[in-house]
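Under the numbering used here, the very last position in the sequence shown is 432; numbers go up by exactly one each time. Built from N, CA and C at the ideal position, the CB exists for glycine as well.
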Amino acid sequence: MVRNIVILGGDSHPKFVESVCSFLGVAPARRVLGKFSSGESRCEIQDSVRGKDIYIIQSFGADANPSADRVNDYFMELCIMISACKGGSARRVTAVLPLFPYSRQPDLPFSKAGAPLSKAPLDAKTDYTFESVPVTPGPNIPRTAGLNNGVDLANMMGNASLSQGGTRTPPVAMGPAPTNSSSQKGHYTTHDYDNPTLVTAIQSQSTYKYWMAQSGALVADLLICAGADRVITSDLHESTYQGFFDVPVDNLYSRPMLQRYIKHNIENYKDAVIVSPDAGGAKRATAIADSLDLNFALIHKERRTTNFSERQKATMMLVGDVSNRVCILIDDLADTANTITRAAKLLKKEGAVKVYAILTHGVLSGDAIARINASALDKVVVTNTVPQDQHLALCPKLEQIDVSQLFAEAIRRVHHGESISVLFQNDL
């Protein structure tokens with residue numbers, strides 16, 4: 005039994021909270037969660053938290069009721085619980101998030117078709133020179149964002165007239181210029197915005213079409229503002245998000261438990277091939293392949309825009325030999341299950357005997373279950389970082405690995421000030 009510790013659970017995953025408390029030998033703290041008639045979240049902590057170590061468990065995924073869309077409600081509920089504990093003089097508050105929310109948006113510019121822009125288009129003139137003088141716009145004149153390549157702005161300004169299409173006329177001494185005239189432009193640097201030729205020359209051609217919000221950074225800031233002193237999560241989709249926090253973040257890995265499942269539940273696993281369904285997960289998959297001394301294959305997915313439509317067509321190509329082999333797809337998260345089902349179809353086409361998909365976070369939203377049931381996948385294995393009861397009832401191919409003991413041990417070690425590095429190396 006762990007002393008001087010309080011485990012609080014949100015409404016997102018009650019079974020997970022009960023399982024963690026069972027391993028720790030403590031009872032979940034009493035709390036009342038609900039909503040006011042206006043829809044605002046309501047929270048009451050009914051046990052004393054003064055001077056204690058508080059761990060608040062809240063997961064995020066597809067709600068049991070598809071129309072509920074409660075991910076945002078769960079996050080607000082978490083922040084309010086953290087704030088309530090800090091207001092109750094808790095010694096330390098740790099947010100335990102089996103699935104970290106909003107960690108899937110990349111910090112990349114996107115084109116209209118949706119593909120990330122790794123470099124500027126070939127036809128974009130981006131050779132901006134620092135010798136060029138930027139424009140200082142006047143009132144009600146739009147600011148220019150840059151200069152095009154090859155524009156000798158000084159010569160163009162010198163040869164251009166103040167009226168469109170004319171030639172420069174020497175100034176004539178007419179006495180002092182009138183002031184406060186309604187027709188006179190202010191005394192600011194301008195490059196003749198009335199001349200279309202010059203306007204076209206100095207306007208920039210932006211490379212970036214869209215920008216994806218980096219919502220994970222915002223979530224980190226909100227948790228810290230609410231009062232979180234530490235965060236425990238698992239298999240971050242973007243591991244760089246750990247750097248967005250000003251507090252310690254323990255990113256647990258489910259890899260040891262996934263490896264144990266492969267060893268004990270897949271026949272002749274030594275002859276199997278570990279497959280990454282995309283290039284982004286290659287490092288994760290190769291780590292398991294190297295640990296188990298298995299062969300590795302990669303599915304390369306390339307998105308191309310057709311000439312007739314802006315909609316992209318993804319082309320999948322297998323790198324590696326899987327003929328007459330059992331294939332094990334490794335990924336961190338499955339939402340719509342489109343990637344793993346298409347990968348399974350390709351692997352079966354290339355001669356794979358059986359295809360497993362082993363994932364950490366089985367969000368499985370929308371029609372993911374129906375897609376898996378109709379796919380070439382033989383079995384899909386997920387952890388219980390997200391509630392799976394309804395998914396298991398609807399999908400005979402689905403199997404669950406319990407990782408609550410991993411989180412319970414991490415909580416125990418953090419509470420006692422012990423190292424958690426052993427959790428990354430050994431099976432529990």
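Where the alpha helix (DSSP H) containing residue i begins and where it ends
i, result
"residue 413", "408–420"
"residue 353", "342–353"
"residue 264", "259–269"
"residue 94", "Careful: residue 94 lies outside any alpha helix (DSSP H) and carries neither H nor E."
"residue 378", "Segment: none, residue 378 is in no alpha helix (DSSP H) and carries neither H nor E."
Bounding residues of the beta strand (DSSP E) (the contiguous stretch that carries residue i)
i, result
"residue 278", "277–280"
"residue 254", "253–256"
"residue 399", "It is not in any beta strand (DSSP E) - residue 399 carries neither H nor E in the DSSP assignment."
"residue 360", "358–366"
"residue 335", "330–338"
"residue 223", "Note, residue 223: premise wrong, no beta strand (DSSP E); alpha helix (DSSP H) at 219–230."
Residues that DSSP places opposite residue i in a beta bridge
i, result
"residue 321", "304"
"residue 289", "Answer is none; residue 289 lacks a bridge partner."
"residue 299", "277"
"residue 238", "256"
"residue 386", "404"
"residue 100", "61 and 236"
Buried versus exposed, by CB contacts within 10 Å (16 or more), residue i
i, result
"residue 46", "exposed"
"residue 12", "buried"
"residue 229", "exposed"
"residue 52", "exposed"
"residue 400", "exposed"
"residue 81", "buried"
"residue 319", "exposed"
"residue 122", "Because the pLDDT of residue 122 is 46, which lies under 50, any placement of that residue in the model is unreliable, and the question is left without a value."
"residue 1", "The chain is shown only over 5 to 432; residue 1 falls outside these bounds and no answer can be derived."
"residue 105", "buried"
"residue 281", "buried"
"residue 429", "exposed"
"residue 14", "buried"
"residue 264", "exposed"
"residue 334", "buried"
"residue 151", "Only weak support is given to the placement of residue 151: the predicted model assigns it a pLDDT of 45, under 50, and the value that follows is read from those uncertain coordinates. Buried, since its Cβ has 16 or more Cβ neighbours within 10 Å."
"residue 42", "exposed"
"residue 238", "buried"
"residue 231", "buried"
"residue 395", "buried"
"residue 365", "buried"
"residue 283", "exposed"
"residue 356", "buried"
"residue 29", "exposed"
"residue 398", "exposed"
"residue 91", "exposed"
"residue 225", "exposed"
Beta-carbon contacts of residue i that lie in its chain and below 8 Å, excluding the five residues immediately before and after
i, result
"residue 367", "65, 66, 103, 337, 338, 339 and 390"
"residue 425", "none"
"residue 275", "329 and 330"
"residue 134", "A caution first: residue 134 carries a pLDDT of 43, below 50, which makes its placement in the model unreliable, though a value can still be read off. Closer than 8 Å at the Cβ level, and outside the excluded window around residue 134, lies no residue."
"residue 295", "259 and 263"
Cβ-based neighbour list, residue i, same chain, cut-off 7 Å, excluding 5 preceding and 5 following
i, result
"residue 50", "34, 35 and 36"
"residue 233", "96, 97, 98 and 251"
"residue 20", "61, 63, 102, 388 and 408"
"residue 40", "46"
"residue 241", "107, 108, 336 and 337"
"residue 380", "348, 349, 352 and 359"
"residue 323", "301, 302 and 304"
"residue 427", "256, 410, 413 and 414"
"residue 297", "none"
"residue 31", "25"
"residue 383", "360, 401 and 403"
Own chain partners of residue i with C-beta closer than 6 Å, once the 5 adjacent residues on each side are dropped
i, result
"residue 55", "95"
"residue 411", "24"
"residue 417", "424"
"residue 17", "63 and 391"
"residue 343", "281"
"residue 262", "362"
"residue 289", "278, 280 and 334"
"residue 293", "278 and 300"
"residue 93", "54"
"residue 89", "53, 58 and 97"
Near the ligand ADP: residue i beta-carbon under 7 Å from a heavy atom
i, result
"residue 240", "The ligand ADP is not part of this structure, which contains no ligands at all."
Any chain C beta carbon closer than 8 Å to residue i
i, result
"residue 82", "Absent from the structure: chain C. Only one protein chain is present."
Every unbroken beta strand (DSSP E) within the stretch 5–87, with a cutoff of 3 residues, ordered by chain: Segments of the beta strand (DSSP E) lying fully in the stretch 5–87: 9–13, 35–39, 45–49 and 57–61.
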